[in-house]
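Its first residue numbered 1, the sequence shown is counted upward by one per residue in the UniProt record's numbering.
All remarks here apply to the structure that follows.
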Amino acid sequence: MNNPRKHFGIAALQLQLAEADNLELLLQRIQKTKLRFPWVRMVVLPELALRGVGVQHARELPSPEEQAFCRSARELGIWLVPGSMYEKCGSAVFNTTPVIDPDGDVVARYRKIYPFLPYEKGVTGGDQFVVFDVPEVGRFGVSICYDMWFPETTRALTWMGAEIIIHPTKTDTIDRVDELSIVRASAITNQCYVVDVNSCGAQGVGRSIIVGPEGETVHEASVDEEVIAFEVDLDKVQRVRERGMKGLGQTLKSFRDGKVRFPQYEQGAESAAYRELGVLKVPD
Numbered sequence: 001m002n003n004p005r006k007h008f009g010i011a012a013l014q015l016q017l018a019e020a021d022n023l024e025l026l027l028q029r030i031q032k033t034k035l036r037f038p039w040v041r042m043v044v045l046p047e048l049a050l051r052g053v054g055v056q057h058a059r060e061l062p063s064p065e066e067q068a069f070c071r072s073a074r075e076l077g078i079w080l081v082p083g084s085m086y087e088k089c090g091s092a093v094f095n096t097t098p099v100i101d102p103d104g105d106v107v108a109r110y111r112k113i114y115p116f117l118p119y120e121k122g123v124t125g126g127d128q129f130v131v132f133d134v135p136e137v138g139r140f141g142v143s144i145c146y147d148m149w150f151p152e153t154t155r156a157l158t159w160m161g162a163e164i165i166i167h168p169t170k171t172d173t174i175d176r177v178d179e180l181s182i183v184r185a186s187a188i189t190n191q192c193y194v195v196d197v198n199s200c201g202a203q204g205v206g207r208s209i210i211v212g213p214e215g216e217t218v219h220e221a222s223v224d225e226e227v228i229a230f231e232v233d234l235d236k237v238q239r240v241r242e243r244g245m246k247g248l249g250q251t252l253k254s255f256r257d258g259k260v261r262f263p264q265y266e267q268g269a270e271s272a273a274y275r276e277l278g279v280l281k282v283p284d
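Next comes the structure, spelled out in structure tokens:
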């Protein structure tokens, strides 16, 4: 008998998207992906895939667009992480990723903790980490784009039990190659899968990447549109965490057992060196 936990099919959609209303296109591509790859149980879209950049697009959630994604998930019987969208909440705007289950219910909404400041203007950072369970499979965590530049975010998710990090991205700048190194380092130091899906075309430079718990590249996309359908092996995550990467470093156990207290995390901690960095602003 097959172990339902062992393999779980995911499709990351690196799509050529305009800075426009992409809802109908996204719904079509989600449906087409499920029809082509019936074994896929989760579909993941890039950051801000719905409309691109611009806080003027912010909507209160649940919105009609989020509800359309919920209907799609329910009709197709899939988990759906539809990238992210700008969420209006009072006077604040968040960059928010909904997580939708196969019944079409929103089981979580993750607000990007580190907006890409000073460039992602008008966006407030969230303050809650999000993990969710796929029954009989495992625990997933969510982060968005610039979050991963802060290793504490991924470590917090694995501390909370995440075995797979779903990471929608919208990168259209020359630092994509640097992000690839961060994704690999995040996976290997946290002994988890990282699913980093970027846009291409007007919204991004592509090069989405899927990395496994030993730092192995499952797939690195080109700069063109790709449907990246693959399986994660949750038993491998457990084995790597128990035995160590290639039978060597057992990173999470060492972190768990360490007695050091990090000064930067002490309550009220300040850094003279960090104060001297100056104001967070666009370079002159």
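Glycine included, every Cβ here is placed at the ideal spot set by N, Cα and C.
None of the values given here were measured: they were computed from a predicted structure.
Original post:
How would you label W79, buried or exposed, when you count the other beta carbons within 10 angstroms and need 16 or more for buried?
Top reply: In the sequence shown, the residue the question calls residue 79 occupies position 79. Classification of W79: buried, given that the 10 Å Cβ count is 16 or more.
**OP:** Identify whether F114 lies in helix, strand or coil by the three-state DSSP scheme.
**Re:** Along the sequence shown, read from residue 1 onward, the residue named residue 114 stands at position 114. Going by the sequence as given, residue 114 is Tyr instead of Phe. DSSP places Y114 in coil when its eight states are reduced to three.
**OP:** Please state if the CB of G201 and the CB of Q16 are separated by a distance shorter than 8 angstroms.
**Re:** Residue 16 sits at position 16 when you count from the first residue of the sequence shown. Residue 201 sits at position 201 when you count from the first residue of the sequence shown. Yes, they are a contact pair.
Original post:
Are G206 and V223 closer than 8 angstroms when you measure CB to CB?
Top reply: Taking the sequence shown and counting its residues from 1, one reaches residue 206 at position 206. Taking the sequence shown and counting its residues from 1, one reaches residue 223 at position 223. Remark: C-beta atoms of G206 and V223 approach each other more closely than 8 angstroms.
Original post:
Do three or more CB pairs link the region 170–180 to the region 248–256 at distances below 8 angstroms?
Top reply: Contact fails: fewer than three Cβ-Cβ distances are below 8 angstroms.
Original post:
DSSP on N190, reduced to helix/strand/coil?
Top reply: Here residue 190 is taken as the residue at index 190 of the sequence shown, counted from 1. Collapsing the DSSP output to three states places N190 in a helix.
Subject >> Backbone CA spacing between W149 and D178 [nearest angstrom] >> reply: For the purposes of this step, residue 149 is taken as residue 149 along the sequence shown, with counting starting at 1. For the purposes of this step, residue 178 is taken as residue 178 along the sequence shown, with counting starting at 1. Taking the straight line joining both Cα atoms gives about 10 angstroms.
Original post:
At what residues does the alpha helix (DSSP H) containing A73 begin and finish?
Top reply: Looking up residue 73 in the sequence shown gives position 73. Per DSSP, the continuous alpha helix (DSSP H) segment holding A73 begins and ends at 64–76.
Original post:
When DSSP labels each residue in this structure, what does F255 get in the three-state scheme?
Top reply: The residue given as residue 255 occupies position 255 in the sequence shown. Three-state result, F255: helix.
Original post:
DSSP puts F8 in a beta bridge; with which residues?
Top reply: Within the sequence shown, the letter at position 8 stands for residue 8. Paired residue(s): V232.
Original post:
Going straight from the alpha carbon of S208 to that of T217, what length do you get?
Top reply: On the sequence shown, position 208 is the one that residue 208 refers to. On the sequence shown, position 217 is the one that residue 217 refers to. The C-alpha of T217 is placed about 11 angstroms away from the C-alpha of S208.
Subject >> Distance between S63 and V232 (C-alpha atoms, nearest Å) >> reply: The residue you call residue 232 lines up with position 232 of the sequence shown. The residue you call residue 63 lines up with position 63 of the sequence shown. Each residue's alpha carbon lies about 31 angstroms from the other.
**OP:** Buried or exposed for D101, please, with buried defined as at least 16 other CB atoms from any protein chain shown within 10 angstroms of its CB.
**Re:** Indexing the sequence shown from 1 puts residue 101 at position 101. So D101 counts as buried.
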